[in-house]
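A.B. asks: Numbering follows numbering that gives the first Met the number 0, with no gaps: position 256 of the sequence shown is 255.
All C-beta atoms in this analysis are idealised placements derived from N, C-alpha and C, irrespective of residue type, glycine included.
Right, I'll just put the structure down here and ask away after.
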Amino acid sequence: MAKWRKSSALFAVALVGGIVSPIPQAAAAELFKGVVPVTHACQTIFNGTDVEKQFKMGMGTGPGGANLVDVEYPPQVKQGEVFTAYVQPGPMTTSSGNGDGYQAGRLSYDIALPTDAVILGVQSIGGESELSPDTSPIKVDQYANLDGFPTAVARVWGGESVPISSATTGIIETGYWNAGLRVRGGKTFRFPKLAIRMRAPVNQGGNTIAVGLKGAGTHPSGSATNGALNTVQGAHRSGFTIGSYWWSARFYCGSSNNARTLTPTVVSTDSNDRYLAKTSTRLLSEGTHLPRSGRTATLSAEVSSDEEVMANVRGGGAEMRFDIKNKATGAIMASPTATIGTNGVASASYTFPDLVGPGFRNEYEVSATYTGRPNDIEPSTSAPTTYSVGYNEINAAVSLKSTNGQISGTPASMPVTLTADLALPGGKTFPAGMSVQLYRNGVEYRAPIAITAGGSTKQIQFPVDNLPQASNTTTYKYTAKLSPVIINDLDRYAGETAVSVAAIVTGTNPGSPLPGGGHGSLDLTNFFKIPELAWEAIGGSVGEMGTLSVSMGK
0 MAKWRKSSAL FAVALVGGIV SPIPQAAAAE LFKGVVPVTH ACQTIFNGTD
50 VEKQFKMGMG TGPGGANLVD VEYPPQVKQG EVFTAYVQPG PMTTSSGNGD
100 GYQAGRLSYD IALPTDAVIL GVQSIGGESE LSPDTSPIKV DQYANLDGFP
150 TAVARVWGGE SVPISSATTG IIETGYWNAG LRVRGGKTFR FPKLAIRMRA
200 PVNQGGNTIA VGLKGAGTHP SGSATNGALN TVQGAHRSGF TIGSYWWSAR
250 FYCGSSNNAR TLTPTVVSTD SNDRYLAKTS TRLLSEGTHL PRSGRTATLS
300 AEVSSDEEVM ANVRGGGAEM RFDIKNKATG AIMASPTATI GTNGVASASY
350 TFPDLVGPGF RNEYEVSATY TGRPNDIEPS TSAPTTYSVG YNEINAAVSL
400 KSTNGQISGT PASMPVTLTA DLALPGGKTF PAGMSVQLYR NGVEYRAPIA
450 ITAGGSTKQI QFPVDNLPQA SNTTTYKYTA KLSPVIINDL DRYAGETAVS
500 VAAIVTGTNP GSPLPGGGHG SLDLTNFFKI PELAWEAIGG SVGEMGTLSV
550 SMGK
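Pasting the structure below:
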């Protein structure tokens, strides 16, 4: 018949209340490090009465067998602050025995999570020893409740534990201990250190947030029938065999009352010093050029946080706002909004205005702002991107050259031959429908000349222009301009001369002023000082201006 045994004779030591040393006054960013001595009293169940099958594990190495739990935590935090508390159970031992007897397995350790904080995560960060993660990896699982315990629990185990049952009689299975997290006999072992990351209440102060142990102070020795009373569970191999099989004994351990509060963190009552969670926002949609016929774009952005508060970013009316600013005027034209999905992404459709004004393209700066939650999460704004509506301007380089002849004939005139060299940027070819227009003294001169389609370079010869000789010396300036052609509502081909070329016809009156103010002679030094022509020399090389020809009358 199965028998109950209590290990209280081994572990009934005087409870040591609280932390062994006072909590220092520290800033929230600083962690207090200390040790909490926890007493575990255990109840075992095994078959028969043989003493070799009774509980022989050591649940602690501190005074009186107390388990020395290492803790780290901030003594005080701001309202809404995200922080981490650390808990690691102290060393425990297995007994030595015949044939590596008293090995333990199916080990689990349960931590009670705070109820007045938002739990963001619990994870193992190492420090374990003599466990068997090679065959049964260490797991940390969270439960809203476990074994009837009323609040959330984090369990450290290897995926196998001992059952909680009202049946406490019958044979305990041979080899039952050989599963889950295991420890060999005669070893000192330790569970890993746990990091419990959480966020303090955003609108409440003065309360204490504490990590504790499941079942602490609720039962003097744990229970095989009520798991809510237990902190540590497992099974160990007994020192007794039947044939070639080793019997197993199960054990269930409670914790002393002081283990209810291992990491007391006080939340500040100063609401003016409330901590707002930080976020970052980035645009997922990159700015682009939109044709006039397709000005609607999908704007997408993502909000994220390295403070693990993503579960809260969508609540409380928080949304994503997209601001569209006219880059020419600096004015915000529109601010469409969108709800935020579970992945932190929000999208909104927006139709940009059609092309307005004399230009060929309008540009808009777009940024995204996560609006945040008052007294909870700070807003954040993305870097901007640029959208444009209109045309891609593809400008051809236009170089105009002139060759002037001698003044002759009746009435006297000077022939001027003009040639335009046209070149498009690499990879572009001239579309059909383009032409080049010559300008003389800023006025359209003669009919435009059609440009054949294809190719990236062209040379256009204009008809000879015969400039009449007048009594006074006269200057003529020429420029050329391509007629714009729009392709596929997207690309605008155009171009014009950057500088003009000049032709000077000397007058018949010997006393007429020459360029530079001289009479009867041409002073080239003074020519480059003529306000009307000087910019041509300054604006580029002689090659860019073309050939400057001067004809003197006989």
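Can you give me the start and stop residues for the beta strand (DSSP E) that Asn257 sits inside?
C.D. replies: Taking the first residue of the sequence shown as 1, we reach residue 257 at position 258. Where Asn257 is concerned, there is no enclosing beta strand (DSSP E), given that its DSSP letter is neither H nor E.
A.B. asks: Please check the pair Val37 and Ser255, which I expect to be a contact at CB under 8 Å, by giving their CB distance rounded to whole angstroms.
C.D. replies: Within the sequence shown, residue 37 is the residue found at index 38, counting from 1. Within the sequence shown, residue 255 is the residue found at index 256, counting from 1. Taking a contact as a CB-CB distance under 8 Å, the pair Val37 and Ser255 counts as one, their CB atoms being some 6 Å apart.
A.B. asks: Does Asn440 come out as helix, strand or coil in the three-state DSSP assignment?
C.D. replies: Your numbering for residue 440 matches position 441 in the sequence shown. Coil, per DSSP.
A.B. asks: Could you have a look at Asn271 and say whether DSSP puts it in helix, strand or coil?
C.D. replies: Here residue 271 corresponds to residue number 272 of the sequence shown, with the count starting at 1. The answer is helix: DSSP assigns Asn271 an H, G or I state.
A.B. asks: Might you give, ordered along the chain, the residues of its own chain that have their beta carbon closer than 6 Å to the beta carbon of Tyr142, omitting 5 neighbours on each side?
C.D. replies: As a working mapping, residue 142 is identified with position 143 in the sequence shown. Hits under 6 Å: Val152.
A.B. asks: Tell me the rounded alpha-carbon separation between Thr297 and Ala479.
C.D. replies: If you number the sequence shown from 1, residue 297 lands on position 298. If you number the sequence shown from 1, residue 479 lands on position 480. In a straight line, the C-alpha of Thr297 is about 42 Å away from that of Ala479.
A.B. asks: For the 8 Å Cβ check, are there 3 or more pairs between the segment 87-95 and the segment 156-166?
C.D. replies: The segment 87-95, when compared against the segment 156-166, does not touch it at the 8 Å Cβ threshold.
A.B. asks: With which residues is Asp490 paired in a DSSP beta bridge?
C.D. replies: In the sequence shown, residue 490 corresponds to position 491, counting from 1. Per DSSP, Asn391 and Ile486.
A.B. asks: Mind checking Gly179: buried by the 16 CB within 10 Å criterion, or exposed?
C.D. replies: Sequence index remark: in the sequence shown, residue 179 carries index 180 (1-based). Its Cβ being crowded by 16 or more others within 10 Å, Gly179 is buried.
A.B. asks: Name the one or two DSSP bridge partners that Phe250 has.
C.D. replies: Position 251 of the sequence shown, counting from 1, holds the residue named residue 250. According to DSSP, Phe250 bridges with Thr43 and Gly233.
A.B. asks: What's the gap between the Cα of Lys427 and the Cα of Tyr492?
C.D. replies: Along the sequence shown, one-based indexing puts residue 427 at 428. Along the sequence shown, one-based indexing puts residue 492 at 493. Cα to Cα, Lys427 sits roughly 10 Å from Tyr492.
A.B. asks: Tell me whether the segment 471-478 and the segment 505-512 touch, counting them as touching only if at least three CB pairs, one residue from each stretch, are closer than 8 Å.
C.D. replies: Enough Cβ pairs lie closer than 8 Å, so yes.
A.B. asks: Is the segment 253-271 touching the segment 347-354, taking contact as three or more C-beta pairs under 8 Å?
C.D. replies: no
A.B. asks: Answer yes or no: do Ala337 and Ile323 have a C-beta to C-beta separation smaller than 8 Å?
C.D. replies: As a working note, residue 337 is residue 338 in the sequence shown. As a working note, residue 323 is residue 324 in the sequence shown. Cβ atoms of Ala337 and Ile323: not closer than 8 Å.
A.B. asks: Since Ala557 contacts Thr456 with CB under 8 Å, what's their CB separation in whole angstroms?
C.D. replies: Outside the shown range of the chain, which is 0 to 553, sits residue 557, and nothing can be said about it.
A.B. asks: Please go through the same chain and pick out, in chain order, the residues whose beta-carbon is closer than 8 Å to the beta-carbon of Arg183, but skip the five residues on each side of it.
C.D. replies: Here residue 183 is taken as the residue at index 184 of the sequence shown, counted from 1. Contacts found: Thr93, Asp99, Gln102 and Glu129.
A.B. asks: Let me know the secondary structure DSSP gives Leu228 once reduced to three states.
C.D. replies: Position 229 of the sequence shown, counted from the first residue, corresponds to residue 228. In the structure shown, Leu228 sits in a helix (DSSP, three-state: H, G or I).
A.B. asks: Do you know offhand how far Tyr477's Cα is from Pro290's?
C.D. replies: Taking the sequence shown and counting its residues from 1, one reaches residue 477 at position 478. Taking the sequence shown and counting its residues from 1, one reaches residue 290 at position 291. Going from the Cα of Tyr477 to the Cα of Pro290 covers about 35 Å.
A.B. asks: Can you name, in chain order, every residue of its own chain whose Cβ lies under 7 Å from the Cβ of Tyr386, other than the five neighbours on each side?
C.D. replies: Counting from 1 along the sequence shown, the entry for residue 386 is found at position 387. Closer than 7 Å at Cβ, skipping near neighbours: Gly286, Thr287, Leu289, Ala296, Phe351, Tyr363 and Val365.
A.B. asks: Less than 8 Å separating the beta-carbons of Ala300 and Ala382?
C.D. replies: Position 301 of the sequence shown holds residue 300. Position 383 of the sequence shown holds residue 382. No, they are not a contact pair.
A.B. asks: Go to Ser128, then tell me how far its beta strand (DSSP E) extends in each direction, as first and last residue.
C.D. replies: Working through the sequence shown from its first residue, we reach residue 128 at position 129. No beta strand (DSSP E) holds Ser128; DSSP gives it neither H nor E.
A.B. asks: Let me know the alpha helix (DSSP H) ranges lying completely inside the segment 180-230, each 4 residues or longer, listed in chain order.
C.D. replies: none
A.B. asks: By Cβ distance, which residues of its chain are closer than 6 Å to Ile118, with the 5 residues on each side in sequence left out?
C.D. replies: Counting from one through the sequence shown, the residue named residue 118 turns up at place 119. Once the five neighbours on either side are set aside, the close Cβ partners of Ile118 are Leu112 and Met197.
A.B. asks: How should Gln232 be labelled, buried or exposed, when 16 other C-beta atoms within 10 angstroms of its C-beta is the threshold for buried?
C.D. replies: Taking the sequence shown and counting its residues from 1, the one referred to as residue 232 is at position 233. Buried, because 16 or more other Cβ atoms sit within 10 Å of the Cβ of Gln232.
A.B. asks: Is DSSP giving Gly59 helix, strand or coil here?
C.D. replies: On the sequence shown, position 60 is the one that residue 59 refers to. Reduced to three states, the DSSP call for Gly59 is coil.
A.B. asks: Starting from the N-terminal side, write out each stretch of the beta strand (DSSP E) that is 3 residues or longer and does not extend beyond the segment 400-488.
C.D. replies: 412-422, 434-439, 442-449, 456-460, 464-467, 473-481 and 484-486
A.B. asks: Checking 8 Å against the spacing of the C-beta atoms, do Gly316 and Ala395 come in under that value?
C.D. replies: Counted from its first residue, the sequence shown places residue 316 at position 317. Counted from its first residue, the sequence shown places residue 395 at position 396. No, the pair does not count as a contact, with Cβ atoms beyond the cut-off.
A.B. asks: Are the beta-carbon atoms belonging to Gly158 and Lys138 less than 8 Å from one another?
C.D. replies: Here residue 158 refers to the residue found at position 159 of the sequence shown. Here residue 138 refers to the residue found at position 139 of the sequence shown. Result yes, Cβ atoms of Gly158 and Lys138 sit closer than 8 Å.
A.B. asks: Name the residue from Val463, Glu443 and Gln122 whose alpha carbon lies nearest to the alpha carbon of Lys192.
C.D. replies: The count along the sequence shown starts at 1 and reaches residue 192 at position 193. The candidate whose alpha carbon is nearest that of Lys192 is Gln122.
A.B. asks: From the DSSP output, in three-state form, read off Gly33 for me.
C.D. replies: Along the sequence shown, read from residue 1 onward, the residue named residue 33 stands at position 34. Gly33 carries a strand assignment under DSSP once its states are collapsed to helix, strand and coil.
A.B. asks: Would DSSP call Glu340 helix, strand or coil?
C.D. replies: By one-based count along the sequence shown, residue 340 stands at place 341. Rather than Glu, the amino acid found at residue 340 in this sequence is Gly. Gly340 falls in the coil class under three-state DSSP.
A.B. asks: Looking at C-beta atoms only, is the number of pairs between the segment 72-82 and the segment 198-206 that lie closer than 8 Å three or more?
C.D. replies: Judged by Cβ distances under 8 Å, the segment 72-82 makes contact with the segment 198-206, as three or more pairs qualify.
A.B. asks: Along the beta strand (DSSP E) that carries Asp69, what are the first and last residues, could you check?
C.D. replies: Taking the sequence shown and counting its residues from 1, the one referred to as residue 69 is at position 70. Here the beta strand (DSSP E) through Asp69 covers Asn66 to Tyr72.
A.B. asks: May I have the straight-line CA-CA distance separating Trp156 from Ser107, to the nearest angstrom?
C.D. replies: For this step, residue 156 is matched to residue 157 along the sequence shown. For this step, residue 107 is matched to residue 108 along the sequence shown. Near 5 Å, if we compare the C-alpha coordinates of Ser107 and Trp156.
A.B. asks: Between Tyr475 and Gly404, what straight-line distance do the alpha-carbon atoms span, to the nearest angstrom?
C.D. replies: Here residue 475 refers to the residue found at position 476 of the sequence shown. Here residue 404 refers to the residue found at position 405 of the sequence shown. C-alpha of Tyr475 to C-alpha of Gly404: approximately 14 Å in a straight line.
A.B. asks: I think Ala84 touches Thr264, with their Cβ atoms under 8 Å apart; what is that distance to the nearest whole Å?
C.D. replies: Taking the first residue of the sequence shown as 1, we reach residue 84 at position 85. Taking the first residue of the sequence shown as 1, we reach residue 264 at position 265. Right, the Cβ-Cβ distance comes to about 7 Å (below 8 Å), so this counts as a contact.
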